[in-house]
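Residue numbers (the working numbering): 6 to 368.
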């Protein structure tokens, strides 16, 4: 199957992700971007593209095959450009607000014609907070609203995420959390069928040859026994519906002025990751997100060659594996060199559901 055939089968005409569910702290440390470099990043919901702006790049290109994901990224970008920090948090949904429609009308003139038209026909999404409007976020909402209450009380969920020692965290998980009902309902909800129907596109799971429910459960169990889960904003958003006090990189107050200052250096591009090289030349750093997850091996090899050609020597690339193992340095040992820092970063990754985080250098 070619890339185009695959994407034609996948459902792309929706907002699939309203947030980036990948750890931007790890991405920043893994890519080791220098000021004045050129960066290309999968757009997704835009969050990690904004995070990369704190490295002061010459250019950052946010690329995606989904026009809808780019419309979302463009709206967030425009909001950053025109809004002060707290107003931005209110507008996207981090903080409660009743003036989102009014704010939108104040900034919509800066959107492209297509993006403006897209959002003007979906005002209810803006009114409810755009960070809640992805298919993936609504999948987690179903879990939080309909499944989790049948397993644990709100008080017990709060206790799981409360501050405690590692030993106390393990004991709480083993004695209070890891019930038969938890194991049974969790594995059903995060099974291949349910996830494919309500969360991710079934086409994105075609390369997966393991039990999805068992895999996700094992990763969740490992993380919930670790005290790091207490500060994991991804986990809190899944279980509680909000990030809490800990925020992703692009939402932290100390980073907002620099992101805002550099926002004009970010360009949006619709297409494949490898398409950007003909339009913008070579790059120093690539955030490939977890796109290799979805590709048959021969497509992965084709894309890998393109990325090598489009990246400067000694440049870096970072990406995640979810349930399918893909490593460029294994397939192209003379072109990509695995960075040993990857292991350390993976072990502390807040995206606990991933099987690997990989940083590699262009040889």
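Each residue gets a CB set at the ideal place from its N, CA and C atoms; glycine is no exception.
CA-to-CA distance, residue j to residue i, given in whole angstroms
i: residue 32; j: residue 42; result: 15 Å
i: residue 358; j: residue 327; result: 7 Å
i: residue 251; j: residue 319; result: 34 Å
i: residue 353; j: residue 224; result: 13 Å
i: residue 57; j: residue 118; result: 26 Å
i: residue 168; j: residue 235; result: 6 Å
i: residue 366; j: residue 150; result: 43 Å
i: residue 314; j: residue 249; result: 42 Å
i: residue 335; j: residue 125; result: 47 Å
i: residue 97; j: residue 115; result: 17 Å
i: residue 130; j: residue 103; result: 13 Å
i: residue 181; j: residue 256; result: 33 Å
i: residue 344; j: residue 363; result: 8 Å
i: residue 349; j: residue 29; result: 15 Å
i: residue 154; j: residue 146; result: 12 Å
i: residue 210; j: residue 284; result: Low local confidence applies: a pLDDT of 48 at residue 210 is under 50, so the model's placement there is unreliable, with the coordinate-based value given in what follows. Taking the straight line from one Cα to the other gives about 31 Å.
i: residue 36; j: residue 317; result: 13 Å
i: residue 83; j: residue 263; result: 15 Å
i: residue 113; j: residue 55; result: 19 Å
i: residue 190; j: residue 134; result: 29 Å
i: residue 292; j: residue 308; result: 14 Å
Cβ-based neighbour list, residue i, same chain, cut-off 7 Å, excluding 5 preceding and 5 following
i: residue 27; result: 53, 294, 325, 356
i: residue 18; result: 73
i: residue 79; result: 116, 117, 120, 273
i: residue 351; result: 361, 362
i: residue 93; result: 84, 85
Close-in-space but distant-in-sequence residues of the same chain around residue i (CB under 6 Å, 5 per side omitted)
i: residue 20; result: 73, 77, 138, 139
i: residue 267; result: 58
i: residue 40; result: 61
i: residue 282; result: 315
CB of residue i within 9 Å of CB of residue j, strictly
i: residue 330; j: residue 280; result: no
i: residue 70; j: residue 272; result: no
i: residue 24; j: residue 152; result: no
i: residue 178; j: residue 229; result: yes
i: residue 232; j: residue 174; result: yes
i: residue 299; j: residue 141; result: no
i: residue 87; j: residue 111; result: yes
i: residue 184; j: residue 157; result: yes
i: residue 340; j: residue 85; result: no
Among the options, the one whose alpha carbon lies nearest that of residue i
i: residue 100; options: 244, 91, 30; result: 91
i: residue 288; options: 337, 321, 233; result: 321
i: residue 160; options: 233, 244, 226; result: 244
i: residue 121; options: 196, 338, 88, 81; result: 81
i: residue 192; options: 219, 170, 46; result: 219
i: residue 296; options: 36, 39, 48; result: 48
i: residue 306; options: 337, 85, 147, 290; result: 337
i: residue 162; options: 240, 94, 308, 265; result: 240
i: residue 312; options: 170, 39, 127, 46; result: 46
i: residue 246; options: 95, 346, 148; result: 148
i: residue 50; options: 95, 67, 347; result: 67
i: residue 132; options: 95, 83, 263, 165; result: 95
i: residue 123; options: 75, 292, 309; result: 75
i: residue 227; options: 171, 292, 190; result: 171
i: residue 44; options: 290, 308, 323, 332; result: 290
i: residue 38; options: 323, 333, 332, 347; result: 323
i: residue 310; options: 333, 292, 55; result: 333
i: residue 166; options: 134, 190, 282, 242; result: 242
Residues of its chain near residue i, where Cβ-Cβ distance is below 8 Å and the 5 sequence neighbours each way are ignored
i: residue 238; result: 248, 249, 251, 252, 253, 355
i: residue 188; result: 222
i: residue 270; result: 58, 62, 63, 64, 65
i: residue 128; result: 106, 109
i: residue 368; result: 318, 339, 340, 341, 342
i: residue 258; result: 90
i: residue 346; result: 34, 35, 364
i: residue 164; result: 177, 181
i: residue 302; result: none
i: residue 286; result: 43
Chain E within 9 Å of residue i, Cβ atoms only
i: residue 90; result: No chain E appears in the structure shown, which is made up of a single protein chain.
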